[in-house]
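So that you can map any letter, position 4 of the sequence shown is 53 in this note's numbering, and since no number is skipped, the others follow by simple counting.
The beta carbon of each residue, even a glycine, is placed where N, CA and C say it ideally should be.
See structure below.
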Amino acid sequence: MSPLAMTLVYAYNSFYIPTFSFILQNKESFLPKGFASMQGTITTNGENLADIMNNFNVTAKFVAKDVEITDISLDYLIDRVTQNNYVYDNLKKDINIAANHGKTIFQTVEGDFKLHKNAWQFSNYKLNTKQLNGEGTGLVRLDQSKLEFNSYLNINSTKNRNNLSNQKLYLKVNGSYDKPIKTIQFYH
50 MSPLAMTLVY AYNSFYIPTF SFILQNKESF LPKGFASMQG TITTNGENLA
100 DIMNNFNVTA KFVAKDVEIT DISLDYLIDR VTQNNYVYDN LKKDINIAAN
150 HGKTIFQTVE GDFKLHKNAW QFSNYKLNTK QLNGEGTGLV RLDQSKLEFN
200 SYLNINSTKN RNNLSNQKLY LKVNGSYDKP IKTIQFYH
């Protein structure tokens, strides 16, 4: 029997992110909301169903709008730290509040997406909120219920400029789906 090979090309298909996340049974606080669409290629090959599933690949470009993530508030943090009279001694406390409370709405997120062997890779993604814009990479391991995203963001705020306004923000989210660890740091 010769191997079966398939290649499909798909166009933009919009989907509601919570519906897609529900399929993954991710109902915890890191459940994003919003709409997304993808355009790309699905390929696979093999001599049997196990081979076909093991060799299943998706390569795509994605665009997401109004992605809301709860229990993290990046714009709150930027509102606080960019005030002229900001007390730098409060920075650690404000970072902890921002990393564990509120919500962040990414107005747009777009980049490259690849699914291969139970791993979702997000690369060259660009994102922005009301106060931030940046780029990053990410990895979601379906077989281990783990994720890791690294984003480097510039501050858009021009009001009440201070020294922190000129720095950049590093956001790392890693760990399990249900209890991700969020790290927020300022850097030059």
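Since N173 is in the beta strand (DSSP E), which residue starts that stretch and which ends it?
-> Numbered from its first residue, the sequence shown carries residue 173 at position 124. From DSSP, the beta strand (DSSP E) with N173 extends over 168-177.
Length of the line joining the Cα atoms of H150 and L140 | To locate residue 150, count along the sequence shown from 1; it is residue 101. To locate residue 140, count along the sequence shown from 1; it is residue 91. Take the alpha-carbon of H150 and the one of L140: they are about 15 Å apart.
So what's V136 in DSSP terms, helix, strand or just coil?
-> Taking the sequence shown and counting its residues from 1, the one referred to as residue 136 is at position 87. It is coil, neither helix nor strand.
Is it true that the CB of L126 sits closer than 8 Å to the CB of I233?
-> Numbered from 1 along the sequence shown, position 184 holds the residue referred to as residue 233. Numbered from 1 along the sequence shown, position 77 holds the residue referred to as residue 126. For I233 and L126, yes; Cβs fall inside 8 Å.
Count the other C-beta atoms from every protein chain shown that fall within 10 angstroms of the C-beta of T178, then say buried if there are 16 or more, exposed otherwise.
-> As a working note, residue 178 is residue 129 in the sequence shown. So T178 counts as buried.
Count the other C-beta atoms from every protein chain shown that fall within 10 angstroms of the C-beta of Q74, then say buried if there are 16 or more, exposed otherwise.
-> Mapped onto the sequence shown, residue 74 falls at position 25. With a pLDDT of only 43 at Q74, under 50, the local geometry of the prediction cannot be trusted, and the value read off the model is given with reservation. The residue in question, Q74, is exposed, as its Cβ has fewer than 16 Cβ neighbours within 10 Å.
Residues near R190 in its chain [Cβ-Cβ closer than 6 Å; skip 5 each side] = As a working note, residue 190 is residue 141 in the sequence shown. A168.
For Y59, collect the residues of the same chain with a Cβ closer than 6 Å to its Cβ; drop the 5 residues on either side in sequence, then sort them by chain order.
-> The residue labelled residue 59 in the question sits at position 10 within the sequence shown. Here the model assigns Y59 a pLDDT of 49, short of 50, so the residue's position is not dependable, and the following value carries that caveat. Within the same chain, Y59 has no close Cβ partners at all.
Is K163 helix, strand or coil when you go by DSSP?
-> Residue numbering aside, residue 163 sits at position 114 when the sequence shown is read from its first letter. If DSSP states are grouped into helix, strand and coil, K163 belongs with the strands.
Contact belief for L196 with N223 at Cβ below 8 Å, rounded distance in angstroms = As a working mapping, residue 196 is identified with position 147 in the sequence shown. As a working mapping, residue 223 is identified with position 174 in the sequence shown. About 7 Å; that satisfies the 8 Å criterion.
Taking 8 Å as the threshold, find out whether the segment 115-126 comes into contact with the segment 81-101 through three or more Cβ pairs.
-> As far as the Cβ criterion goes, the segment 115-126 touches the segment 81-101, which means the pair count is three or higher.
Rounded distance between the beta-carbons of Q88 and K110, thought under 8 Å = Locating residue 110 in the sequence shown gives position 61, counting from the first residue. Locating residue 88 in the sequence shown gives position 39, counting from the first residue. Correct: roughly 5 Å between the Cβ atoms.
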